[in-house]
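Asks:
Residue numbers (my numbering), protein chains in the order written: chain S, 54 to 673; chain G, 12 to 176.
1. Taking only runs that begin and end inside the segment 473 to 557 of chain S, name each unbroken beta strand (DSSP E) of 3 or more residues, in chain order.
2. Around the Cβ of residue 247 (chain S), are there at least 16 other Cβ atoms within 10 angstroms (buried) or fewer (exposed)?
3. Assess contact between the segment 659 to 670 of chain S and the segment 573 to 591 of chain S, defined as three or more Cβ pairs (one per stretch) separated by less than 8 angstroms. Is contact present?
4. If you draw a straight line from the C-alpha of residue 21 (chain G) to the C-alpha of residue 31 (chain G), how long is it?
5. Could you tell me which chain G residues have their CB closer than 9 angstroms to the CB of residue 279 (chain S), listed as they occur along the chain?
6. Helix, strand or coil for residue 136 (chain S) per DSSP?
7. Chain G beta carbons: is any one of them nearer than 8 angstroms to that of residue 332 (chain S)?
8. Tell me whether residue 210 (chain S) is buried or exposed, calling it buried when 16 or more other Cβ atoms sit within 10 Å of its Cβ.
9. If you run the structure through DSSP and keep just helix, strand and coil, what is residue 106 (chain G)?
10. If distances are taken between C-alpha atoms only, which option among S:513, S:115, S:616, S:669 comes closest to residue 316 (chain S)?
11. Check whether the Cβ of residue 135 (chain G) lies closer than 8 angstroms to any Cβ atom in chain S.
12. Quick one: is residue 126 (chain G) near chain S, going by C-beta distance under 8 angstroms?
13. Could you name the residues of the segment 290 to 315 of chain S whose beta carbon sits closer than 7 angstroms to any beta carbon of chain G, in the order they occur along the chain?
14. Per DSSP, what kind of secondary structure is residue 175 (chain S) in: helix, strand or coil?
15. Does residue 61 (chain G) come within less than 8 angstroms of chain S when only Cβ atoms are used?
16. For residue 162 (chain S) and residue 120 (chain S), I'd like the C-alpha separation in whole angstroms.
17. Going along chain G in order, which residues have a C-beta closer than 7 angstroms to the C-beta of residue 350 (chain S)?
18. To the nearest angstrom, how far is the alpha carbon of residue 83 (chain G) from that of residue 106 (chain G)?
19. Which residues in the same chain as residue 25 (chain G) place their Cβ atom closer than 6 angstroms to its Cβ, once the five residues preceding and following it in sequence are excluded?
20. Determine, for residue 346 (chain S), whether the minimum Cβ-Cβ distance to residues of chain G falls below 8 angstroms.
21. By how many angstroms is the C-alpha of residue 286 (chain S) removed from the C-alpha of residue 91 (chain G)?
22. Is it the case that the segment 421 to 433 of chain S contacts the segment 507 to 514 of chain S, given that we only count it when at least three CB pairs across the two stretches are under 8 angstroms?
23. Assuming residue 127 (chain G) and residue 68 (chain G) make a contact with CB atoms under 8 angstroms, what is their CB distance in whole Å?
24. From residue 324 (chain S) to residue 82 (chain S), what distance separates their C-alpha atoms?
25. Is the CB-CB distance between residue 605 (chain S) and residue 630 (chain S) below 8 angstroms?
26. Looking at C-alpha atoms only, which residue of G:79, G:124, G:132, G:34 is the closest neighbour of residue 340 (chain S)?
27. May I have the straight-line CA-CA distance separating residue 545 (chain S) from residue 130 (chain S), to the nearest angstrom?
28. Report the rounded CA-to-CA distance for residue 175 (chain S) versus residue 252 (chain S), giving the unit in angstroms.
29. Regarding residue 271 (chain S) and the ligand NAD, is the C-beta to nearest heavy atom distance less than 7 angstroms?
30. The beta strand (DSSP E) with residue 182 (chain S) in it runs from where to where?
31. Drop a sphere of 10 angstroms on the beta-carbon of residue 523 (chain S), count the other beta-carbons inside from all chains shown, and report buried for 16 or more, exposed for fewer.
32. Could you check whether the Cβ of residue 36 (chain G) sits closer than 8 angstroms to any Cβ belonging to chain S?
33. Quick one: residues in its chain with C-beta nearer than 7 angstroms to the C-beta of residue 47 (chain G), no 5 flanking neighbours on either side, listed in chain order?
34. For residue 553 (chain S), would you say it is in contact with chain G, using Cβ-to-Cβ distances shorter than 8 angstroms as the test?
35. Between which two residues does the alpha helix (DSSP H) carrying residue 147 (chain G) extend?
36. Using a Cβ cut-off of 7 angstroms, pull out every chain G residue sitting near residue 436 (chain S), in sequence order please.
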């Protein structure tokens with residue numbers, strides 16, 4: 054096989070036994086790699102109703118066909134897939150950097166980690182040699198310290214490491230898996246699953262060649278992509294970076310502020326991409342094989358957090374900034390760095406901090422609960438302190454580390470009204486009260502609240518559609534992007550590069566064929582995107598998800614946007630949500646309960662999984 | 012012998028280098044027809060998230076690697092300054108690796124002999140591919156000229172900004 058390593062590694066963490074099986078050409082083509090292959094393997098390697106922290110829940114690590122090649126952004130990705138401890142549905146998170154390329158060179162398209170170790174270990178993948186190494190001395194260390202220590206002790210500075218921090222060790226449901234210091238497989242609590250297995254890290258050294266099927270044409274294609282990446286499609290990521298969103302969203306009344314109380318932030322200027330780049334950004338780094346580079350490294354130049362160095366993106370900046378009413382970037386940057394240090398998903402963690410502040414403002418939490426911490430919106434020092442507490446699971450932090458949904462249930466007193474999540478996954482930085490196409494994508498996303506499963510906010514924000522209107526046909530628009538996004542996450546190319554594939558599926562199909570030598574058409578690839586979306590849905594259906602799980606965050610449906618802005622008064626009613634879901638399910642060919650019909654499974658080539666839906670359809 | 016002043020080598024500008032390693036892929040493909048950084052003659056280094064630099068052979072005058080070789084397996088081209096490895100003589104002992112201050116000469120993972128940048132016959136692929144234009148194929152003299160110009164530009168820009176304030 055070209056592009057692919059053609060091998061799947063299975064590691065039994067309880068006894069260290071390993072097994073390598075071939076990746077079939079059929080699976081390669083049908084599920085591509087990344088989350089597609091990962092979700093297929095998850096369905097096959099887990100039983101319905103498995104508790105996410107039980108040894109029976111496998112943690113699956115995948116690369117894509119492009120990983121390890123010179124494909125810009127595609128050369129470096131990896132994904133983790135497992136049952137999510139936040140949603141109890143499918144969990145998946147991608148990351149970039151250098152780790153994925155290394156794993157491919159070691160010769161693996163996927164690693165299935167089964168069972169759990171009795172004591173802390175790390176997995177050392179050294180080409181064909183697989184060992185479980187003692188990790189007692191690493192327990193309690195940050196992912197960055199773990200990476201350094203492992204490189205030191207194995208004596209090779211080019212070893213790549215993916216590791217959990219204290220948050221993952223302590224089974225915080227918002228724990229992530231970090232690699233290459235600043236990169237995170239952030240969402241859906243994959244770090245907690247890793248922690249439940251006593252697996253501190255995965256260290257990889259790969260020295261094998263990665264070859265593509267049609268090298269000369271591939272290099273020509275890459276050259277063309279390099280040129281495109283210097284063009285307008287990636288300007289945002291190369292210049293201000295994703296924090297450019299702050300002022301754009303703010304001007305459109307779409308910047309969720311103070312836990313979705315407002316949609317406009319009076320302090321936006323001070324947490325804007327412009328302000329950030331002028332005062333904090335010292336370097337923009339690239340991932341392996343990228344010709345675009347986006348990783349904005351910020352250093353705090355002065356004040357109490359002087360010297361703090363971290364990577365900055367819009368989502369965590371939003372979560373700790375506007376979403377907490379905080380207009381001090383130094384504190385926001387510190388909070389983000391601490392998330393990397395503890396191994397917390399910075400997006401979910403910021404959401405939780407904002408939730409706690411909202412509870413505090415409404416008297417649901419008091420200084421007695423917070424150990425004297427004043428959690429008023431806008432208290433910059435408080436967000437930093439609370440991240441420490443969540444990271445260490447101290448005091449209130451112990452409850453908050455359970456994720457916003459479970460925390461609200463534990464706190465009670467009506468806290469649920471302030472918990473903004475979908476399926477248990479914390480909400481992201483788009484005020485969908487006035488982005489009603491995006492709202493469809495959020496509600497149906499198989500991994501919960503997420504802009505990255507559908508990207509439909511683009512249609513709303515750019516004015517392609519009337520964003521305040523709910524109408525038939527919108528679901529089709531969402532589905533088209535969903536199908537593209539699952540392909541992107543299965544090839545594992547970077548979403549920041551999506552605009553450089555001018556011909557969409559046609560470009561991607563050609564790219565795929567040049568790398569793998571497997572014939573692929575634009576139509577077939579689009580159908581593959583649909584298949585992978587259905588796969589995610591099937592896992593959730595198997596776990597008992599129904600229509601009621603395709604919901605929207607509490608405040609999106611309860612609190613009209615109060616600000617004097619273009620989106621004033623906008624929110625989403627139950628009737629509107631029902632309309633959206635009906636439109637979406639019928640367009641996908643699913644039942645009113647959101648269950649794929651056997652007919653619709655045949656259409657995407659998943660009839661072998663019809664057993665999952667058979668009883669569910671009969672029930673209705 | 013061609014003057015050291017005329018010799019061009021591959022130099023990385025750390026201000027421009029983003030650590031993407033495209034140079035490594037371009038090199039390993041050009042030389043070994045495979046994507047594999049451990050077979051690249053140029054290697055990127057990233058330190059503390061903020062320092063990036065690609066390193067390859069500097070074509071040192073009176074090259075220490077050549078001097079260190081106990082088997083006379085290394086010679087330096089008088090014309091271009093590149094280090095040539097006689098693969099029959101080299102036994103991978105690593106004296107040259109120890110002698111090189113830059114880690115630019117390395118042990119080949121498959122062949123068990125050392126390998127080093129040969130400037131791709133005067134058209135280095137890494138320079139051609141570097142998306143950031145961080146790599147330069149230059150003589151030491153030109154490098155110094157460029158550094159001077161950059162420094163002076165910076166100095167005067169600062170002076171001009173101060174004036175306008």
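Ideal placement from N, C-alpha and C gives every residue a C-beta, glycine not left out. Keep in mind it's a predicted model, so treat the numbers as computed, not measured.
Replies: With the given structure in hand:
1. Taken in chain order, the segment 473 to 557 of chain S contains no complete beta strand (DSSP E) segment of 3 residues or longer.
2. Buried: at least 16 other Cβ atoms inside 10 Å.
3. Judged by Cβ distances under 8 angstroms, the segment 659 to 670 of chain S makes contact with the segment 573 to 591 of chain S, as three or more pairs qualify.
4. The straight-line gap separating the alpha-carbon atoms of residue 21 (chain G) and residue 31 (chain G) is approximately 17 angstroms.
5. 33, 140, 142, listed in chain order.
6. The three-state reading of DSSP puts residue 136 (chain S) in strand, counting E and B together.
7. No, residue 332 (chain S) does not count as interfacial toward chain G.
8. Around the beta carbon of residue 210 (chain S), fewer than 16 other beta carbons sit within 10 angstroms, so the residue counts as exposed.
9. In the structure shown, residue 106 (chain G) falls within a helical segment according to DSSP collapsed to helix, strand and coil.
10. Nearest to residue 316 (chain S) by C-alpha distance, out of S:513, S:115, S:616, S:669, is S:616.
11. Cβ-Cβ to chain S under 8 angstroms: no for residue 135 (chain G).
12. False, the Cβ-Cβ gap to chain S never drops below 8 angstroms.
13. Under the 7 angstroms Cβ criterion, the segment 290 to 315 of chain S contributes no residue.
14. It is a strand residue.
15. Cβ-Cβ to chain S under 8 angstroms: yes for residue 61 (chain G).
16. As the crow flies, the alpha-carbon of residue 162 (chain S) is around 9 angstroms from that of residue 120 (chain S).
17. In chain order: 60, 61.
18. Taking C-alpha positions only, residue 83 (chain G) is separated from residue 106 (chain G) by approximately 11 angstroms.
19. If we look at residue 25 (chain G) and ignore the five residues flanking it on each side, its Cβ neighbours are 64.
20. Residue-level contact check: residue 346 (chain S) touches chain G, since one or more beta carbons of chain G fall below 8 angstroms from its beta carbon.
21. When rounded, the distance between both Cα atoms is 41 angstroms.
22. Because the criterion of three Cβ pairs below 8 angstroms is not met, the segment 507 to 514 of chain S and the segment 421 to 433 of chain S do not touch.
23. Sure, about 5 angstroms apart at Cβ, within 8 angstroms.
24. So the alpha carbons of these two residues sit roughly 44 angstroms apart.
25. Taking 8 angstroms as the Cβ cut-off, residue 605 (chain S) and residue 630 (chain S) qualify as a contacting pair.
26. Minimum Cα distance to residue 340 (chain S) is reached at G:34.
27. For residue 545 (chain S) and residue 130 (chain S), the distance between alpha carbons rounds to 5 angstroms.
28. Approximately 5 angstroms between the Cα atoms of the pair.
29. Looking for the ligand NAD in the displayed structure turns up nothing, as the structure carries no ligands at all.
30. 182 to 187 is the extent of the beta strand (DSSP E) around residue 182 (chain S).
31. Only buried fits residue 523 (chain S), as 16 or more other CB atoms lie within 10 angstroms of its CB.
32. Yes, its Cβ sits closer than 8 angstroms to a Cβ of chain S.
33. Cβ-Cβ distances below 7 angstroms link residue 47 (chain G) to 39 in the same chain, with the five nearest sequence neighbours on each side left out; the list follows chain order.
34. It does not; no Cβ of chain G falls within 8 angstroms.
35. Annotation: residue 147 (chain G) is outside any alpha helix (DSSP H); the continuous beta strand (DSSP E) that includes it extends over 146 to 150.
36. Within chain G, no residue comes near residue 436 (chain S); the closest Cβ sits about 22 angstroms away, beyond 7 angstroms.
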